[in-house]
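**Q** This is the structure, below, for whatever I ask next.
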Amino acid sequence: MKLAVLVSGSGSNLQSIIDHVEAGHINAEIAVVFSNKEDAYGLTRASSHGIPTAVIRHTEYSDREQFDAAMVQVLKDHGADTIALAGFMRMLTPVFLNAFPMRVINIHPALLPSFPGTHGQRDAADFGVRLAGCTVHFVDEKMDHGPVIIQAATPVAPGVDGDTLAGQILRLEHRIYPQALAWLADGRISLDGRHVHIAGAEE
Ligand code: GRF
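Per the UniProt record's numbering, the very first residue in the sequence shown carries number 3; after that it's consecutive.
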C-alpha cells in the first residue's frame, strides 16, 4: 500500500502512523504527506523522517473541484493509492473521492454518528456524555458520514472540559488509526453497504 497522509495541523496522528509504519506494524510506505497549509507542523514531522511532502494552498483555487483535481494530480504523481486524512480540514468532492474509490479514510474525534463537525470533543463534553471516543471511517461526500471501520470509547468524568477530553480521545486515536490502516494494507477490509467486515477480526 502506498499511503498519502493529508494534514492541516499538528499531525500527532501522522506521527503515530509514521511510528507504526517504521515499526513494521502497517504494511505500507508513506509516499507523501500533503497539506493545504505550508506551516502545518505535520510537514516538519514528515521531513524529519525523510518522507516527501507536498503543499497546495486551497486559497489559490476558486472552487473545491479545481483544488481537488490539483491534489489528485500531486498524490498520484507520488504513487499514492490510499489516502488517510489526519486532521485535514477540507471537505472532499467526488473529483477527489472518485480518483481513489473506497481508499480514502478519516479519523473523527467522536463516536459517530454523534457529534460530527469540527468541535466533536467540545460538543460531547458540553452535552455531558459519560462515554466518548473516536471513529475511523471511509470518507464519502457527507461530513463525518461514511462506513465505520473501527471505534474506541473512553469513560468521561462529570464536568470534564473539552480540551481535557480531547487529550483523552487523542490517545485512543493514536491506537485505532494505525490499526485500521494495518487492516487496509493487509486487504482484510470489505464492505457490504454501510457494513465493514474485517477478515479474521470477527466472531
Ligand atoms: C484529531 O483530533 C482528529 O481526530 C481530527 O483532527 C485532529 C487532528 O489532530 N480529525 P492531529 O493533527 O493528528 O494532532
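Ideal Cβ placement from N, Cα and C applies to all residues, glycine included.
With a threshold of 8 Å, are at least 3 pairs of Cβ atoms found where one atom belongs to the stretch 31-40 and the other to the stretch 187-201?
**A** Touching, no, given that fewer than three Cβ pairs across the two stretches are closer than 8 Å.
**Q** Given I200, which residues of its chain have a CB within under 7 Å of its CB, disregarding the five upstream and five downstream residues?
**A** Hits under 7 Å: W185, R190 and I191.
**Q** If I'm right that G89 touches S10 with Cβ under 8 Å, what's the distance once you round it to whole angstroms?
**A** That pair is a contact at about 6 Å.
**Q** Could you give the first and the last residue of the continuous beta strand (DSSP E) run that contains K144?
**A** It is not in any beta strand (DSSP E) - K144 carries neither H nor E in the DSSP assignment.
**Q** Kindly examine the ligand GRF and report whether one of its heavy atoms sits closer than 7 Å to the Cβ of E175.
**A** Indeed, a heavy atom of the ligand GRF lies less than 7 Å from the Cβ.
**Q** Within the same chain, show all residues whose beta-carbon is closer than 7 Å to that of V198, passing over the 5 residues directly before and after it, in chain order.
**A** Counting only Cβ-Cβ distances below 7 Å, and skipping sequence neighbours, we find P149, V150, I151 and I191.
**Q** Would you report the Cα separation of R124 and K78, rounded to the nearest angstrom?
**A** Going by the C-alpha atoms only, they are around 36 Å apart.
**Q** Please report the distance separating the alpha-carbon of G81 from that of Q75.
**A** Cα-Cα distance, rounded: 10 Å.
**Q** By Cβ distance below 8 Å, which residues in the same chain neighbour R59 in space, the five residues on each side in sequence not counted?
**A** These residues qualify, in order along the chain: N38, K39 and E40.
**Q** Take T46 as the anchor and find which of I20, V141, R66 and D165 has the nearest alpha-carbon.
**A** Among I20, V141, R66 and D165, the Cα nearest to that of T46 is on I20.
**Q** How would you call L5, buried or exposed, if buried means at least 16 neighbouring beta carbons within 10 angstroms?
**A** Buried, because 16 or more other Cβ atoms sit within 10 Å of the Cβ of L5.
**Q** Does DSSP put V162 in a helix, in a strand, or in coil?
**A** If DSSP states are grouped into helix, strand and coil, V162 belongs with coil.
**Q** Taking the alpha helix (DSSP H) that A101 falls in, what are its first and last residues?
**A** A101 -> no alpha helix (DSSP H), and no H or E assigned at all.
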